[in-house]
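Comments concern the structure below.
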Amino acid sequence: MASGDDGDDVRELQARLKQIDWYAPDITGAYDDITVEAVEGFQAKRGLPDTGKVDQETWDRLVDMTREPTDDELHNRIVAGPPILKPGDSGDKVRELQARLKQIAWFSGEVTPNYGDVTRQSVAGFQAKRGLPETGAVDQETWDRLVGMTRQPTDDELHNREPEPDEDDDSGDVGSAPHPECATGRVLCIDKSTNSLRWMVDGNIKMTLDVRFGSELTPTREGTFSVGWKSRDHVSSLYDTPMPYAMFFSGGQAIHYSPDFAANGYNGASHGCVNVRDKGAIASLFDQVKVGDKVVVFWS
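Read left to right, the sequence shown gives residues 263 to 562 (this note's numbering).
The structure is reproduced here in structure tokens:
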């Protein structure tokens with residue numbers, strides 16, 4: 263398969279790539295530039311010639327890593343899974359749900375243990391924003407999306423208490439604590455709330471960079487990922503624009519230097535990537551980061 267092809271085989275290719283986060287848009291059955299870039303990334307990650315064309319070895323590798331797509335997946339039908347939390351439920355898990363929704367402004371008011379109509383509406387709104395079935399009940403997909411965007415609530419948040427001020431903290435960095443996933447190992451810790459990227463090793467911040475993200479139409483995905491491959495002098499085959507010091511972490515989304523961000527600041531947005539405006543800093547970061555290092559994208 264190659265650029266310009268179309269049909270059911272291309273649908274299956276896109277659906278399999280989507281299972282492992284190398285393809286993000288709707289399945290179309292058209293082997294377009296986005297599909298070429300996804301295949302190139304998949305090939306480069308596995309040490310195959312990154313031609314953007316699917317030969318037998320590329321296909322065999324992909325099939326080994328994925329399962330047969332369902333008809334729903336092939337035709338972009340999202341089906342709600344069985345609820346793990348639903349209206350009428352009560353308990354600590356409902357508190358956690360409300361507190362997590364509150365972190366990203368999808369729930370207001372007091373956190374309670376009761377899954378009532380306000381919680382149902384909040385969940386339905388969160389689902390609609392992310393293209394999930396608007397059931398108002400939490401299935402595994404909804405929960406995974408929410409957890410990927412939030413942090414573990416504190417006991418104060420779960421019980422509507424104001425946190426005690428930390429008298430020893432004079433950093434002025436209020437409300438921007440790193441995500442718990444950033445506490446161990448080598449992590450690119452990316453906070454959408456503060457437009458910042460922290461390079462952390464075993465919980466210690468080694469470098470902090472200003473970043474910007476995708477627009478509402480091309481959002482940067484939230485969650486926990488890893489650096490799949492690196493390209494020092496990358497040029498996007500989709501947009502024909504330079505992406506120097508690119509570190510790919512979710513399909514075609516990468517952390518990279520952006521001359522537009524350097525020139526225009528936040529008067530603009532990426533196509534989904536994490537833009538960095540300090541060229542010297544990202545050049546240094548590129549040399550430190552290894553394939554396999556963790557990437558966490560979240561709202562604080």
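Ideal Cβ positions, reconstructed from N, Cα and C, are used throughout, including at glycine.
When DSSP states are grouped into helix, strand and coil, Pro-506 belongs to the strand group.
When the five nearest sequence neighbours on each side are left out, the beta carbons in the same chain lying within less than 7 Å of the beta carbon of Ala-390 are those of Glu-396, in order along the chain. Annotated three-state conformation of Met-462 is strand, per DSSP. Put simply, of Asp-317, Pro-481, Gln-515 the residue whose alpha carbon is nearest the alpha carbon of Lys-492 is Gln-515.
In this structure, the alpha-carbon of His-421 lies about 14 Å from that of Gln-365.
Taking the Cα positions, Pro-349 is about 12 Å away from Ser-384.
Relative to Thr-456, the option among Pro-442, Leu-471, Met-462, Glu-443 whose CA is nearest is Leu-471.
Ser-532 and Ser-520 do touch by the CB rule: their CB atoms are close to 7 Å apart, below 8 Å. When C-beta atoms of the segment 540 to 547 are compared with those of the segment 476 to 485, fewer than three pairs fall below 8 Å, so the two segments do not count as touching. A residue is called buried once 16 or more other Cβ atoms fall within 10 Å of its Cβ, and Lys-552, having fewer, is exposed.
Met-327 sits in a helix when the DSSP states are folded into three classes. Per DSSP, reduced to three states, the secondary structure at Val-536 is strand. Nearest to Pro-506 by C-alpha distance, out of Ser-498, Leu-500, His-518, Ser-499, is His-518.
Per DSSP, Val-497 lies in no alpha helix (DSSP H); the unbroken beta strand (DSSP E) holding it starts and ends at 491 to 497. Across the set Asn-376, Glu-419, Arg-362, Thr-416, the C-alpha of Arg-362 shows the shortest separation from the C-alpha of Trp-405. Its Cα nearest to that of Arg-357, the residue Val-373 stands out among Ala-367, Gly-343, Tyr-293, Val-373. With contacts defined by Cβ atoms closer than 7 Å, Gly-447 and Lys-556 form a contacting pair. Bridge pairing for Gln-515: Ser-512 [DSSP]. Excluding residues up to 5 positions away in sequence, Trp-368 lie with their Cβ nearer than 7 Å to the Cβ of Gly-387 in the same chain.
Assignment of Ala-286 by DSSP, reduced to helix, strand and coil, places it in the coil class. The residues Arg-460, in chain order, have a CB closer than 7 Å to that of Ile-467 in the same chain once the five nearest residues on each side in sequence are set aside.
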